[in-house]
Structures are given as C-alpha cells and as structure tokens.
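Q:
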Amino acid sequence: MVLLKKIFIVSKLNDPHQRELNEKIGLLCRKLGFDVYLAQWNPSFGVKKTAQQILEINEAVIRGADLAVVVFDRLDVGGAFELGCFSALNTPIVGFRSPENQQIEDLGKMLEGAWTRLPGNHKASSLRELEEVLRRFI
Numbered sequence: 005m006v007l008l009k010k011i012f013i014v015s016k017l018n019d020p021h022q023r024e025l026n027e028k029i030g031l032l033c034r035k036l037g038f039d040v041y042l043a044q045w046n047p048s049f050g051v052k053k054t055a056q057q058i059l060e061i062n063e064a065v066i067r068g069a070d071l072a073v074v075v076f077d078r079l080d081v082g083g084a085f086e087l088g089c090f091s092a093l094n095t096p097i098v099g100f101r102s103p104e105n106q107q108i109e110d111l112g113k114m115l116e117g118a119w120t121r122l123p124g125n126h127k128a129s130s131l132r133e134l135e136e137v138l139r140r141f142i
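Residue numbers (the numbering used here): 5 to 142.
Here it is in structure tokens:
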C-alpha cells in the first residue's frame, strides 16, 4: 500500500460547533501521522482575501493532497466544490457524518449521491470509527 501523508479536511468553517469538530478530526489525523490541511488552522484564516485568491489557494492544496476527509455535516457550497475536485482527481475520500446528522435526505441530492457512492469502509460516524478507517491508509 502507498503511504499517504497529506490529508485535506473538507468541512464547514463558519459554525463554532463545526470548528470544534474539525479541530478534533484534525488532531486525530495528526496523531496518526498525517500532514493535515485544515483551513481554520491556516495562519491566514480569517484574513481578507479575494474570491480568486481563495480559489487558487484551495486548488493548489487540493492537488497536493493524498487523501480527503469530508465532513458531510451541513456541508456548504465551498465544501461541495472541494469534494467535487477530489472526486474528479480520483483522490481517495473518507466520509464523516456525526450521529446526529444521519438523515440522508438532509444532504441534498448531489451530496447524497457522493455519500452513497463511498465504499462502506470509507465512512465513519464517530471519531473512533474515523480512526479505524484512517488507519487503513497508513
């Protein structure tokens, strides 16, 4: 198996509860030895940038990632775009949904399709399960 090192966490950023979950997921990934890109950890997070700058930064980081962890909980349009990029690049994707966000119809049709298409061993609904899934990529 190829050793994957760079992991990109796709998640909503403008909600404090979501940022707390992102933090836990990011720390778990680091604990497992991954080089983690989480936008809220980026030193320039919150610094005013143009839409073009944000797009270019994201595209560059996406191209360099070996694995994506997509937090499907209330994923926004930016996260959906990032998920689409990873899918188009054939980058392995691990999906995460919190236990309280398990209603498939809450995703919308495109995200529902992306979630449903993921292999069962690429899905997690707890941090413990996520750790088990990520260990398969080490």
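Even glycine gets a Cβ: it sits at the ideal position worked out from N, Cα and C.
Only a predicted model underlies this, so the values are computations on that prediction, with no experimental measurement involved.
Excluding five sequence neighbours on each side, which residues of the same chain lie with their C-beta closer than 6 Å to the C-beta of Y41?
A: F12, V65
Q: According to DSSP, simplified to helix, strand and coil, what is S73?
A: Residue 73 is actually Val in this sequence, not Ser. It is a strand residue.
Q: Could you check what DSSP says for V81 in three-state terms: helix, strand or coil?
A: When secondary structure is reduced to three states using DSSP, V81 falls in the helix class.
Q: State buried or exposed for I97, treating a residue as buried only when at least 16 other CB atoms are found within 10 Å of its CB.
A: By the neighbour-count rule (16 or more Cβ atoms within 10 Å), I97 is buried.
Q: Identify, in the order they occur along the chain, each residue of the same chain with its Cβ nearer than 8 Å to the Cβ of L87, setting aside the five sequence neighbours on each side.
A: V14, A72, V74, L79, I97, L115, A118
Q: By the three-class DSSP mapping on this structure, what secondary structure does F90 have?
A: helix
Q: Kindly indicate which residue of K9, K10, D77 has the alpha-carbon position closest to the one of A128.
A: D77
Q: Is it buried or exposed for L134, if we count other Cβ within 10 angstroms and need 16 for buried?
A: Within a 10 Å sphere around the beta-carbon of L134 sit 16 or more other beta-carbons, which makes this residue buried.
Q: Counting along the chain, where does the alpha helix (DSSP H) carrying I58 start and finish?
A: Unbroken alpha helix (DSSP H) run through I58: 55-68.
Q: Considering only residues of the same chain and omitting the five flanking positions on each side of C33, which have a CB-CB separation below 6 Å?
A: I11, V40
Q: Would you please state the rounded distance, in angstroms, between the beta carbons of L17 and R23? I believe it to be under 8 Å.
A: 6 Å
Q: Excluding sequence positions up to five away, which residues of its chain have a Cβ less than 8 Å from the Cβ of N94?
A: none
Q: Along the chain, where does the alpha helix (DSSP H) containing V137 start, and where does it finish?
A: 131-139
Q: Out of G82, K35, G37, which one is the CA nearest neighbour of A43?
A: G82
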